[in-house]
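Q: Provided herewith is a single structure, encoded as structure tokens, for subsequent inquiry.
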Amino acid sequence: TQINETFRVENGFPICDKCDSLSITCKKCGCSISETFVEAMESVWHQKCFVCAACNDPFPGGVFYVFENKPYDRDCYWGARLDAVNRVH
């Protein structure tokens with residue numbers, strides 16, 4: 126089959142511009158989502174992309190905290206808050 130329109134390759138598969146514009150994209154990596162995803166913080170994420178902004182670990186039990194519009198696990202959340210306070214003083 127001949128392709129008569131522009132496309133890009135993602136994970137080894139061609140995606141035409143029309144389908145790409147209609148697809149859901151991950152907040153972290155910006156790639157199309159075609160598998161199981163997470164809805165959080167008014168955005169959609171690949172499961173592998175929805176991790177702590179500081180340590181990149183997944184969230185135990187799905188519990189996360191938001192600081193400066195980024196998701197954190199409990200320990201990293203408090204670390205980020207303390208860092209922000211120290212930057213101000």
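Numbering (the numbering used here), first residue to last: 126 to 214.
Using N, Cα and C, we set each Cβ at its ideal position, and we do this for glycine too.
This one's a predicted model, so the numbers in the text were calculated from it and none came from an experiment.
In the DSSP output, what is A165 paired with across the bridge?
A: What you label residue 165 is simply residue 40 of the sequence shown in a count that begins at 1. According to DSSP, A165 bridges with S168.
Q: Going along the chain, which residues of its own chain have a beta-carbon closer than 6 Å to the beta-carbon of T161, five neighbours each way excluded?
A: In the sequence shown, residue 161 corresponds to position 36, counting from 1. Within the same chain, T161 has close Cβ partners Q172.
Q: For C141, list the residues DSSP reports as bridge partners.
A: Residue mapping note: residue 141 aligns to position 16 of the sequence shown, counting from 1. C141 pairs with F132.
Q: For F192, report the span of its beta strand (DSSP E) as first-last.
A: The residue given as residue 192 occupies position 67 in the sequence shown. That run of the beta strand (DSSP E) goes Y190 to F192.
Q: Let's test the definition: count the other Cβ atoms within 10 Å of the Cβ of D208 and tell me whether it reaches 16, buried, or not, exposed.
A: For the purposes of this step, residue 208 is taken as residue 83 along the sequence shown, with counting starting at 1. It is exposed - the Cβ of D208 has fewer than 16 other Cβ atoms within 10 Å.
Q: C156: which of V176, M166 and R133 sits nearest, CA to CA?
A: In the sequence shown, counting from the first residue as 1, residue 156 sits at position 31. Cα-wise, what sits closest to C156 is R133.
Q: In or out: Y200 buried (at least 16 other Cβ within 10 Å) or exposed?
A: Your numbering for residue 200 matches position 75 in the sequence shown. According to the sequence displayed, residue 200 carries Asp and not Tyr. Classification of D200: exposed, given that the 10 Å Cβ count is below 16.
Q: Taking C-beta to C-beta, are A179 and Y190 nearer than 8 Å?
A: As a working note, residue 179 is residue 54 in the sequence shown. As a working note, residue 190 is residue 65 in the sequence shown. No, the Cβ-Cβ distance between A179 and Y190 is not below 8 Å.
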